[in-house]
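Protein chains: 2
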Amino acid sequence: MREFELLQHIYSTAGAPSQRVLLPPGDDMAMVSLTGRAMLVAVDQIVDGQHVDLSTTPIELVGRKAVTRSLSDVAAMAAIPIAALAAATLPRDFGQQRATALFDAMRETADRYRCSIVGGDIAVHLKASSPLVCSVMVLAEPGPVPPVTRSGARVGDGVYVTGRLGGSLGPDGLGRHLTFEPRLDEALQLGRALGQRLHAMIDISDGLGRDASHLAQRSGVQIRIDAHRIPCHPGLDWRVAMSGGEDYELCFTAAGDVPHRLGELPVTLVGEVMQPAGPHGPLVLVRDGAQTFDGSQMGWEHRS
Amino acid sequence: MREFELLQHIYSTAGAPSQRVLLPPGDDMAMVSLTGRAMLVAVDQIVDGQHVDLSTTPIELVGRKAVTRSLSDVAAMAAIPIAALAAATLPRDFGQQRATALFDAMRETADRYRCSIVGGDIAVHLKASSPLVCSVMVLAEPGPVPPVTRSGARVGDGVYVTGRLGGSLGPDGLGRHLTFEPRLDEALQLGRALGQRLHAMIDISDGLGRDASHLAQRSGVQIRIDAHRIPCHPGLDWRVAMSGGEDYELCFTAAGDVPHRLGELPVTLVGEVMQPAGPHGPLVLVRDGAQTFDGSQMGWEHRS
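Residue numbers (the numbering used here), protein chains in the order written: chain A, 330 to 633; chain B, 330 to 633.
Next comes the structure, spelled out in structure tokens:
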């Protein structure tokens, strides 16, 4: 596999150059333009055997997920993606054809969300047995509201989730964790609809329990979730829906009225932001009838 | 190894927050401010066994190189670094202590060049035998001159290199490829001294031969290099100096007078930008007495 030729292929097949891209790939750095003077950045990795399984996952879905995972971070800030960079270390026996298909899928996915891939780096493992590692860095700029952080939740806010949760990883390894839509448009709609009332937001990658605990910890609050309100995918228990992860839906807190739908996507009130529970209290409290559970740990159980 | 704890350590020990960093690490994305509305980006990877050798290289130098490689790309554009993101996939048995030392070294190196690490991602390989992969994305903004690309070389320009070349990889695996200084300040000095006469630039990572061929190819010219002018490290033949790589010195083309030194660093005229040699001619022609060589290939030899 010739790394230089692969990079050339990627550069030469890049989509129509966006007006945003002042210097396209192929130099020591690429250059993009902003409409303001603030830039958001994040990076995510996928590793074969952990986030994807190359033995069963079509390579197009591997490339897709490498990009959509990072775009989900952009959605979580209610920001607008501008450009991305992709770096991959490929197994020795990966082959030119699969490498090209991987990068084509990354480029097509990024283009679909108006986010040009402006740079990259390719390395090849010495051994065939070393797994694919693919990292994607995404650049974004603020949308209709200032970036919505994890730290802005206020006592009394409603806690909401978009879509339905749970079961993203199918028994065959496929499923929604590969095909989810990053909620970019929906996050911008939320920003426009709620303005400054949209207090805190995160995308659900670790599971609603852990991700709500990130919100709670960063905001210095407790989050109470009502188990019966959690919008589970059909046939799933709330415990599965809360702990499964890789939903890539949005969890946000807001004051006042919130739309019940964003386009086709339902928005569900699942709980409330509470006073912090003290140093030993749970960050996330799940209420199921008369029982309460520590939702950030799910192992800890408290009978009220 | 707890990935979340390691990230917390990295975030909590981050240097004094720069005024540049509007949102520090710890959210879905970080936010930085620019002085203008253009942003440069690049990504580079290091893989154990290829760019470093964990069995012999002190971990501090691994972290250092992961960052300085990307900063060398910033120097090659005569740009100013702003911030960086780091993503790593660690071998299963890497250990918390080494992981912390790796990220501390990355952070300290980045801070030294006024380039805060504002985000990151950590994954752990399933197997102890899978190699460390570490990618660093760097953000920069234009310096005193517009970014100096690879494509601006003009016929008649002088071709220059900074410092001395060759022997960066010592017989013990250590050496300058681990300890080099990215030529950030020197590139800015060049920009200020030469202004629009600084036509094209690249950092020498693949070796002067290959990197000059990148300049020539992107600029649509031929580059002639005079072998006896190449500033080799003591005791090295020009062939070694041209093909060794990982010098991370600058190679640039410019019109008119050029300073002989940038601070302590020598600047050497090594050749000239020529008319292109046609579709089958060499991109880089090395002249050694009466002989000429294809410097971009080094295997091809033409006796004049």
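All residues carry an ideal CB built from backbone N, CA and C; glycine is no exception.
Which bits of chain A does residue i rub up against, with CB to CB less than 7 Å?
i, result
"I531 (chain B)", "D357"
"D402 (chain B)", "D357, M358"
Assign residue i to one of three DSSP states: helix, strand, or coil.
i, result
"F509 (chain B)", "coil"
"M435 (chain B)", "helix"
"D501 (chain A)", "coil"
"T386 (chain A)", "coil"
"S362 (chain A)", "strand"
"A367 (chain A)", "strand"
"S625 (chain A)", "coil"
"S401 (chain A)", "helix"
"A430 (chain A)", "helix"
"D373 (chain A)", "strand"
"L352 (chain A)", "strand"
"V596 (chain A)", "strand"
"S445 (chain A)", "strand"
"D586 (chain A)", "coil"
"Q425 (chain B)", "helix"
"L544 (chain A)", "helix"
"D555 (chain B)", "strand"
"D617 (chain A)", "strand"
"D450 (chain A)", "strand"
Counting only Cβ pairs nearer than 9 Å, list the residues of chain A close to residue i.
i, result
"H454 (chain B)", "V376, G378, Q379, S459, P460, V462"
"P473 (chain B)", "Those within 9 Å of P473 (chain B) in chain A number zero; the least Cβ separation is about 16 Å."
"M466 (chain B)", "V370, V372, L414, A416, G448, S464, M466"
Given that residue i touches chain B, what residues does it touch there, using C-beta distances under 9 Å?
i, result
"A583 (chain A)", "What A583 (chain A) touches in chain B: nothing, since even the nearest Cβ is about 17 Å away."
Comparing the C-beta of residue i with each C-beta of chain B, is any distance below 8 Å?
i, result
"R479 (chain A)", "yes"
"R568 (chain A)", "no"
"P476 (chain A)", "yes"
"A405 (chain A)", "yes"
"A556 (chain A)", "no"
"A469 (chain A)", "yes"
"A408 (chain A)", "yes"
Mind listing the chain B neighbours of residue i? Cutoff is C-beta to C-beta under 8 Å, in chain order.
i, result
"G448 (chain A)", "V370, A371, V372"
Would you call residue i buried or exposed, if buried means 16 or more other Cβ atoms sit within 10 Å of its Cβ?
i, result
"H609 (chain A)", "exposed"
"P476 (chain B)", "buried"
"L351 (chain B)", "buried"
"R590 (chain A)", "exposed"
"P595 (chain A)", "exposed"
"E386 (chain B)", "In the sequence on display, residue 386 (chain B) carries Thr and not Glu. Buried, by the Cβ-count rule."
"A457 (chain A)", "exposed"
"E470 (chain A)", "buried"
"Q551 (chain A)", "buried"
"A619 (chain A)", "exposed"
"D586 (chain B)", "exposed"
"G502 (chain A)", "exposed"
"S384 (chain A)", "exposed"
"D422 (chain B)", "exposed"
"H631 (chain A)", "Because H631 (chain A) carries a pLDDT of 31, less than 50, the predicted location of this residue cannot be relied on, and no value is offered for it."
"Q525 (chain B)", "exposed"
"Q518 (chain A)", "buried"
"R512 (chain B)", "buried"
"D450 (chain A)", "buried"
Check the Cβ-Cβ distances between residue i and every residue of chain A, and say whether any is below 8 Å.
i, result
"T397 (chain B)", "no"
"R421 (chain B)", "no"
"V550 (chain B)", "no"
"L414 (chain B)", "yes"
"R547 (chain B)", "yes"
"G628 (chain B)", "Its pLDDT being 31, under 50, G628 (chain B) is placed unreliably in this model, and the value from its coordinates should be taken loosely. No, its Cβ sits nowhere closer than 8 Å to a Cβ of chain A."
What residues from chain A crowd round residue i, counting only those whose CB sits closer than 8 Å?
i, result
"A367 (chain B)", "L351, M360, V361, S362, L363"
Chain B partners of residue i, CB-CB under 7 Å?
i, result
"T418 (chain A)", "Q374, V376, V462"
Q | Segments assigned alpha helix (DSSP H), at least 4 residues, entirely inside the segment 558-583 of chain A | A | List check, alpha helix (DSSP H) in window: 567-572.
Q) In chain order, which continuous runs of the beta strand (DSSP E) of length 3 or greater are located wholly inside the segment 455-539 of chain B? A) Listed in chain order, the complete beta strand (DSSP E) runs (minimum 3 residues) inside the segment 455-539 of chain B are 462-471, 487-491, 527-532.
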